[in-house]
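Novice: Protein chains in written order, with the working numbering: chain A, 1 to 265; chain B, 1001 to 1307. Every residue gets a Cβ at the ideal spot worked out from N, C-alpha and C, and that includes glycine. What follows is a single structure, and I will ask about it in a moment.
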Ligand SMILES: Nc1ncnc2c1ncn2[C@@H]1O[C@H](COP(=O)(O)OP(=O)(O)OP(=O)(O)O)[C@@H](O)[C@H]1O
Ligand SMILES: [Mg+2]
């Protein structure tokens, strides 16, 4: 494994991305929409509370965690909405890498630029890792920046208990450590999916399947069926790490030099 | 230096390359001719370790494919069928990536050297998508040379180009001769092979013939000269046919076609005999067979052999 060759590939991906309006647009638009939605909701709660709908979870609901039980119903509704929105923020690390990776590989198929690259001393794992990192790192940065903007916005727009509930360890750790792990799964998934199809949209649709469990989980949280706390991380983390190991192993395994050359076209 | 021994590649039921053995010397420009689907690209891909042979083996610059692939790739440059440049990136960026992947020591210096050689230095910061096809092709060849490989593989470097662009690229390849590099040139273009190659191989799944273009012509047709006479008479034909070094004589409208092994030695005797017989020799020239003729005849031969 030669780090400098991986770096060359990653840098090439970014040079190319810099000039790709579709990818660049998506990279800025997605976080922007997500953060605007979250802060817009908080602003509505603050400036037009009469417009806000019924409480999601009324006072005295059994099984409420203390942090939620102590809030007034309005704050509790906002806190639960925020919890759901945090899942939407996870859409950034989950869907951006797929998007970027599928554009990258399908672009390489169109220009037929993989064959000359494969004729250099680079190994296939170096090539794949360079590509996956090229798609994953910008998504991680986008996710972190979005979380930071959200936290700052909520600090100013909502009450202190709502803010503290938002930045409790599950989300801070989740965003710091888990969103990169999600991004890796997504990047590798994008590489695998785009090697099979020739249209970025098709690749993205296949990879969008990754979003289904995420959205399902977010709904459970919103309905108050599941309350997320630090202990949740204890069982979620090993699953995500196992998924990562599995998909990276699969990626490197199915892409032999000859497979890339004859299938990626 | 390239040495292949029984190199074969089977895709499912399709035997794309069958038992190819050949040796290309250091510094030689070696042409690889064959019709569509003959297995040229597949052979190049095997020799550059992009696909694994299903039979046989090869050594490239002393490294065996299959066991020292990274060393083989470090010692070859490959121009693929499509140039495969990154259209959104500039000329400098396109070359820089490859120089770095090859671990070239002075990346900016080497990139500059080749861009200057291609007269592209002034356009170094433009996206290459806007370059003409000929320039793109030259840039792709330069990209294969940045690490100064002892062997260069060119897969149909002029096939997709208009005649003018093709000439630009051909001249560039011509300039690369004599730098001591081995050049393996796949082509459909027989004039190109004639002009650039020291030896050519004709392939159709199997290797049909390998030789210098001149020897291929002579091997297939023997050598012959055309004598143009002011006045042709049947008697002259008999006189020439009786000469000991003449293999055969064909009367032409205004002269004779004479087949003989060594025109350099025997032409003077031939002319003397004709003059002695009263003929007025206007001129005499070696009969030229184009490589194209050679190629089509070899193809026809191989089709017959297969049938
Ligand atoms: N990846 C592959 N899978 C299956 N068959 C292949 C593959 N690559 C090449 N072939 C087959 O192998 C044969 C030789 O193909 P190849 O591309 O080597 O020919 P070529 O001489 O380069 O032809 P052309 O002049 O058209 O470039 C063809 O019949 C082709 O269909
Ligand atoms: Mg070919």
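For residue 1145(B), which residues in the same chain have their Cβ closer than 6 Å to its Cβ, ignoring the five residues on either side in sequence?
Specialist: Correct list, in chain order: 1077.
Novice: State the start and end residues of the unbroken alpha helix (DSSP H) segment that holds residue 1213(B).
Specialist: That run of the alpha helix (DSSP H) goes 1213-1221.
Novice: Can you determine whether any heavy atom of ligand 1 sits closer than 7 Å to the C-beta of residue 1038(B), and answer yes or no?
Specialist: True, at least one ligand heavy atom lies under 7 Å from that Cβ.
Novice: Could you check whether the region 1027-1040 of chain B touches the region 1177-1185 of chain B, counting it as contact only if at least three pairs of C-beta atoms, one from each stretch, sit closer than 8 Å?
Specialist: The region 1027-1040 of chain B vs the region 1177-1185 of chain B: in contact.
Novice: Using a Cβ-based criterion (distance less than 7 Å to any ligand heavy atom), does residue 1016(B) qualify as near ligand 1?
Specialist: Checking every heavy atom of ligand 1 against the Cβ of residue 1016(B), one is found closer than 7 Å.
Novice: When DSSP labels each residue in this structure, what does residue 197(A) get in the three-state scheme?
Specialist: Residue 197(A) falls in the coil class under three-state DSSP.
Novice: From residue 14(A) to residue 1148(B), what does the alpha carbon distance come to, in whole angstroms?
Specialist: Distance between the alpha carbons of residue 14(A) and residue 1148(B): 27 Å.
Novice: Put residue 82(A) into one of helix, strand or coil per three-state DSSP.
Specialist: It is helical.
Novice: Below 7 Å between beta carbons is the criterion; list the residues of the region 110-122 of chain A that meet it against any residue of chain B, in chain order.
Specialist: So the close ones are 111, 112, 113, 115, 116, 118, 119, 120, 121 and 122.
Novice: Compute the Euclidean distance between the alpha carbons of residue 1192(B) and residue 1092(B), then round it to the nearest angstrom.
Specialist: Those two C-alpha atoms are separated by around 30 Å.
Novice: Specify the secondary structure class of residue 1138(B) as computed by DSSP and reduced to three states.
Specialist: Here residue 1138(B) sits in helix by DSSP.
Novice: Less than 8 Å between CB atoms is the rule here; does residue 1051(B) satisfy it with respect to chain A?
Specialist: Taking Cβ atoms only, chain A reaches closer than 8 Å to residue 1051(B), which makes this a yes.
Novice: Quick check on residue 1007(B): does DSSP put it in helix, strand or coil?
Specialist: In the structure shown, residue 1007(B) sits in a strand (DSSP, three-state: E or B).
Novice: Anything in the region 184-206 of chain A with a Cβ closer than 9 Å to a Cβ of chain B? List those residues in chain order, please.
Specialist: Those residues of the region 184-206 of chain A that come within reach of chain B (Cβ to Cβ, closer than 9 Å) do not exist; the list is empty.
Novice: Output the distance between the C-alpha atoms of residue 1141(B) and residue 1016(B), rounded to the nearest integer angstrom.
Specialist: Roughly 26 Å separates the two Cα atoms.
Novice: Taking residue 989(B) as the query, report the chain A residues whose CB atoms sit under 9 Å from its CB, ordered along the chain.
Specialist: Because chain B is modelled from 1001 through 1307, residue 989(B) falls outside the range shown and cannot be assessed.
Novice: Buried or exposed for residue 131(A), going by 16 or more other Cβ atoms inside 10 Å?
Specialist: By the 10 Å Cβ count, residue 131(A) comes out buried.
Novice: If the criterion is Cβ atoms closer than 8 Å, does the pair residue 103(A) and residue 20(A) meet it?
Specialist: In this structure, residue 20(A) lies closer than 8 Å to residue 103(A) by Cβ.
Novice: Return the CA-CA distance between residue 1132(B) and residue 1222(B), expressed in angstroms with no decimal places.
Specialist: Taking the straight line joining both Cα atoms gives about 44 Å.
Novice: Using a C-beta to C-beta distance shorter than 7 Å, which residues of chain A count as neighbours of residue 1098(B)?
Specialist: In chain order: 120.
Novice: Can you pull the chain B residues whose beta carbon is under 9 Å from the beta carbon of residue 258(A), in chain order?
Specialist: The answer, in chain order, is 1045, 1050, 1051 and 1052.
Novice: My parser needs the alpha helix (DSSP H) runs of 4 or more residues fully inside the region 152-223 of chain A; what are they?
Specialist: Listed in chain order, the complete alpha helix (DSSP H) runs (minimum 4 residues) inside the region 152-223 of chain A are 160-166, 169-173, 179-196, 200-208 and 211-222.
Novice: Answer with yes or no whether the minimum CB distance from residue 1150(B) to chain A is below 8 Å.
Specialist: Output row for residue 1150(B): interface = no.
Novice: Are residue 1240(B) and residue 1274(B) closer than 8 Å when you measure CB to CB?
Specialist: Going by C-beta atoms, residue 1240(B) is nearer than 8 Å to residue 1274(B).
Novice: Looking only at DSSP bridge pairs, what is residue 1098(B) linked to?
Specialist: Residue 1098(B) pairs with nothing; no bridge assigned.
Novice: For residue 1237(B), I'd like the list of residues in its chain whose CB is within less than 7 Å of its CB, leaving aside the five on either flank, ordered along the chain.
Specialist: Once the five neighbours on either side are set aside, the close Cβ partners of residue 1237(B) are 1249, 1251 and 1256.
Novice: Quick one: residues in its chain with C-beta nearer than 6 Å to the C-beta of residue 183(A), no 5 flanking neighbours on either side, listed in chain order?
Specialist: Once the five neighbours on either side are set aside, the close Cβ partners of residue 183(A) are 93, 97, 136, 139 and 140.
Novice: Return no unless some Cβ of chain A is closer than 8 Å to the Cβ of residue 1087(B).
Specialist: True, the Cβ-Cβ gap to chain A drops below 8 Å.
Novice: In chain B, what lies closer than 8 Å to residue 3(A) by C-beta?
Specialist: Residues of chain B passing the Cβ test: none, with the nearest at roughly 12 Å.
Novice: Assign residue 141(A) to one of three DSSP states: helix, strand, or coil.
Specialist: If DSSP states are grouped into helix, strand and coil, residue 141(A) belongs with the helices.
Novice: What is the DSSP secondary structure of residue 1081(B), counted as helix, strand or coil?
Specialist: Here residue 1081(B) sits in coil by DSSP.
Novice: Who are the near neighbours of residue 1045(B) in its chain, counting only those whose CB is closer than 7 Å to its CB and skipping five residues on each side?
Specialist: Excluding residues within five positions, the ones whose Cβ falls inside 7 Å are 1051.
Novice: With hydrogens ignored, establish whether the beta-carbon of residue 1187(B) is closer than 7 Å to any heavy atom of ligand 1.
Specialist: Because no heavy atom of ligand 1 lies under 7 Å away, the Cβ of residue 1187(B) does not count as near it: no.
Novice: Heavy atom of ligand 2 less than 7 Å from the Cβ of residue 1156(B), yes or no?
Specialist: Yes, Cβ of residue 1156(B) sits closer than 7 Å to a heavy atom of ligand 2.
Novice: Near residue 1127(B), what residues of its chain come up, given a Cβ to Cβ distance below 8 Å and the 5 sequence neighbours on each side ignored?
Specialist: Cβ neighbours of residue 1127(B) beyond the five flanking positions: 1087, 1088, 1089 and 1090.
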